[in-house]
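Protein chains in written order, with full-length UniProt numbering: chain A, 1 to 166; chain B, 1 to 166.
Glycine is no exception: its CB is placed at the ideal position from the N, C-alpha and C atoms.
These figures come from a predicted structure and were not determined experimentally.
All remarks here apply to the structure that follows.
Protein chains: 2
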Amino acid sequence: MPDGRRAKGAVRRRALLEATLRVVGRDGVAAVSQRTVAAEADVPPSAVLYYFASVDDLLVTTLREVNDRYCAELAELPSVEALAAHVAALDPAALVAEYELWLLAARRPDLRSELTRWDATVDALAARLAPDRAETVAAALNGLYLRAATTGVDAEAALRVLRTQD
Amino acid sequence: MPDGRRAKGAVRRRALLEATLRVVGRDGVAAVSQRTVAAEADVPPSAVLYYFASVDDLLVTTLREVNDRYCAELAELPSVEALAAHVAALDPAALVAEYELWLLAARRPDLRSELTRWDATVDALAARLAPDRAETVAAALNGLYLRAATTGVDAEAALRVLRTQD
DNA sequence: CCGAAACTGGAGCGCTCGCTCAGGTAGTTT
DNA sequence: AAACTACCTGAGCGAGCGCTCCAGTTTCGG
């Protein structure tokens, strides 16, 4: 029988993770605090440290979840055209949040594995969609992501960049 | 006659800017505070707010200086080969610092101009060194920078990525 | 229906933060 | 040398921080 107590807790826990991601996207990793996340999720501050061992734990858990999501999304793309459309459809604010977390992972040895996971996913995608020029496509994709985070990228331009040999 | 007092002040001001960049590289933008920078530059904390209107002003000034330096460096590269060598020679820690500042600029409207300045410099370089495939080279260069910040990139691999058509 | 377990939330501790300010020090001018 | 002024600084304020603690509430199994 499902325990109603645990179920209720799980809902709050998830709400906190989503609130954290929103705070990161809006104001950056530095703005993530027990009190700001609690306010964003509309729970009392003490709830944050009931569901997570520390504020840092909350942040790291959020990072892993986001990485999971992005990697899964990339793995399902069937073609270079779909990839270009994917890049063009990304929300700049969400990408900025992603880079905030990327930077956090780059700085901390214990999160290095998340970084290599992301790199490996991009490399695998490039090798799958463009085996003869995988290195360039992987680099160009990373470059497109960066550009998409600021000025945005439209699908035609993305496709032009990714189809490097035509 | 030059006022010795003013000259001494200028030296301290510069020391604070360099200390700020070191702190950003080592511990991130979030670690930049009046007290940490003062300790890094070996000046009393109050000196920080004597030379800069606020801690934020110090950070923004540092960002503009770093951007100046990077843009000037790119503008002088004579060939794709030199560009590949340049990327391979970059220090990962310094690149992480650069991305910290990039992210700061991405989030703040008043710093958007620094971002477009960087993008324009990269685009101009790509158009100069590889006119027939500028968009791809610009994206690939940004991708290489990102990779260089974590795992590092060797010169041969960078050249392979940048010479997209061979 | 009752004890246990999961959950809730407010109070508050020790700490660092950005910033202000009154006053001290040292180089310049007369 | 005295007056002036630009430069410099330690002390301290109010605020927000992570985190602990514990008394209260809800929901469960037996």
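A straight-line Cα-Cα distance of about 21 angstroms links G28 of chain A and R22 of chain B. For G9 of chain B, the three-state secondary structure derived from DSSP is helix.
Under the three-state reduction of DSSP output, T164 of chain A falls in the coil class, being neither helix nor strand. Not a single CB atom of chain A sits nearer than 7 angstroms to the CB of Y51 of chain B. By the neighbour-count criterion, in which a residue is buried when 16 or more other Cβ atoms sit within 10 angstroms of its Cβ, V11 of chain A is exposed. Residues of the stretch 83 to 112 of chain A with a C-beta less than 7 angstroms from any C-beta of chain B: V96, Y99, E100, L103, A106, R107, listed in chain order. Residues of the stretch 138 to 152 of chain B with a C-beta atom less than 9 angstroms from some C-beta of chain A are A138, A139, A140, L141, N142, G143, L144, Y145, L146, R147, A149, T150, T151, listed in chain order. When only Cα atoms are considered, E18 of chain B and A106 of chain A end up about 22 angstroms apart. The alpha carbon of R117 of chain B has as its nearest neighbour, out of A:N142, A:T136, A:T151, the alpha carbon of A:T151. Within 10 angstroms of the beta-carbon of E156 of chain A lie fewer than 16 other beta-carbons, which makes it exposed.
Taken atom to atom, the span from the alpha-carbon of K8 of chain A to that of Y51 of chain A is near 12 angstroms.
Here the stretch 135 to 155 of chain A makes contact with the stretch 136 to 147 of chain B; the two share three or more CB pairs at distances below 8 angstroms. Excluding sequence positions up to five before and after E100 of chain A, its CB lies within less than 7 angstroms of the CB of V24, G28, V29, all in the same chain and listed in chain order. In this structure, the alpha-carbon of A149 of chain A lies about 36 angstroms from that of P45 of chain B. Taking C-alpha positions only, E81 of chain A is separated from D68 of chain A by approximately 23 angstroms.
Residues of chain B whose Cβ lies closer than 8 angstroms to the Cβ of E114 of chain A do not exist, since the nearest Cβ in that chain is about 11 angstroms away. Annotation: the continuous alpha helix (DSSP H) that includes G143 of chain B extends over 134 to 150.
Counting other Cβ atoms within 10 Å of its Cβ, A84 of chain B reaches 16 or more and is therefore classed as buried. Minimum Cα-Cα distance from V87 of chain B among the listed residues B:D56, B:L63, B:V122, B:L58 corresponds to B:V122. If you draw a straight line from the Cα of L74 of chain A to the Cα of A47 of chain A, it comes to about 34 angstroms. Only V29, A30 from the stretch 29 to 47 of chain B bring a Cβ to less than 9 angstroms from some Cβ of chain A. Membership of P45 of chain B in the alpha helix (DSSP H) is indicated by the continuous run 45 to 51. Between L104 of chain B and L95 of chain B a beta carbon distance of about 15 angstroms is seen, past the 8 angstroms cut, so the two are scored as non-contacting. Looking only at A:R147, A:R14, A:V161, the smallest Cα-Cα distance to L90 of chain A is reached by A:R147.
A120 of chain B sits exposed, since fewer than 16 C-beta atoms from the chains shown fall within 10 Å of its C-beta. If you check the CB distance, T36 of chain B and T62 of chain B do not come in under 7 angstroms. A distance of 7 angstroms or more separates the beta carbons of A124 of chain B and A134 of chain B.
Assigned with DSSP and collapsed to three states, L16 of chain A falls in helix.
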